[in-house]
Amino acid sequence: MVLTPMKLATVWLGGCSGCHMSFLDLDEWLVDLATQVDLVYSPLADIKEYPPGVDIVLVEGAVGNAEHLKTIYTVRERSRILVSFGDCAVTGNVTALRNPLGADNVGSILQRCYIDLADTHPQIPQETGIVPPLLDKVQPVHRIVNVDVYLPGCPPSATRIRAVLAALLQGKTPQLVGRELIKFG
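Numbering (my numbering), first residue to last: 11 to 195.
The following block contains the structure:
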């Protein structure tokens, strides 16, 4: 009997891509992983639309703008197991540092980024679709949709990522125990 590979996806919301870099640190195990899954969506691949029927998705980053919000709802609807991947997805972490400024300061954030700190041609992009509208507050993934597994770390180590994926691929619930597998930061 031929087993159909599981469908794996990775998603990048508001974060630095460090979690995806750690994913690549799986090194040789990526070859083993490739025999067990089909990578159906990822910033590491040129796939434009999130597909239905995803078995496991690793979601990096927090939800900070309208595009992230739309994406996370689609991802949750089309995925069986959603893994909150890294501290930004789990807690908001660095991406949520704008929250103390308050919802009234979204405009001042754009002012600071695009005008005050510009090297050349200071201007806030006005065309639709260039800068998705910022939400009043950056939220960790679980504040928006249900999360099945939390994978902390900034970024999580390759060892931790492998422990979670290996368990999920075997149909088991990951058991993150011990300092190496559960520490934040």
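All C-beta atoms in this analysis are idealised placements derived from N, C-alpha and C, irrespective of residue type, glycine included. From a predicted model like this one, the values you see are computed outputs, not experimental measurements.
8 Å Cβ cutoff met for residue i and residue j
i           : j           : result
residue 70  : residue 22  : yes
residue 144 : residue 74  : yes
residue 168 : residue 27  : no
residue 51  : residue 94  : no
residue 106 : residue 148 : yes
residue 86  : residue 141 : no
residue 166 : residue 177 : no
residue 112 : residue 72  : no
residue 164 : residue 109 : no
Sequence-distant residues of the same chain with beta carbon closer than 8 Å to residue i, five excluded per side
i          : result
residue 34 : 40 and 54
residue 84 : 60
Outcome for residue i when other beta-carbon atoms lying within 10 angstroms are tallied against a minimum of 16
i           : result
residue 97  : buried
residue 175 : buried
residue 131 : exposed
residue 118 : exposed
residue 123 : exposed
residue 43  : buried
residue 259 : A question about residue 259 goes unanswered here, because the residues of the chain that appear run from 11 up to 195.
residue 82  : buried
Spatial neighbours of residue i in its chain, beta-carbon cut-off 7 Å, leaving aside the 5 residues before and after
i          : result
residue 30 : 20, 22, 53, 54 and 70
residue 46 : 15, 16 and 179
residue 78 : 23 and 24
Beta-carbon contacts of residue i that lie in its chain and below 6 Å, excluding the five residues immediately before and after
i          : result
residue 89 : 64 and 67
(request) Can you check the segment 79–136 for any beta strand (DSSP E) of at least 3 residues that lies completely inside it and give the ranges in chain order? (result) 89–95
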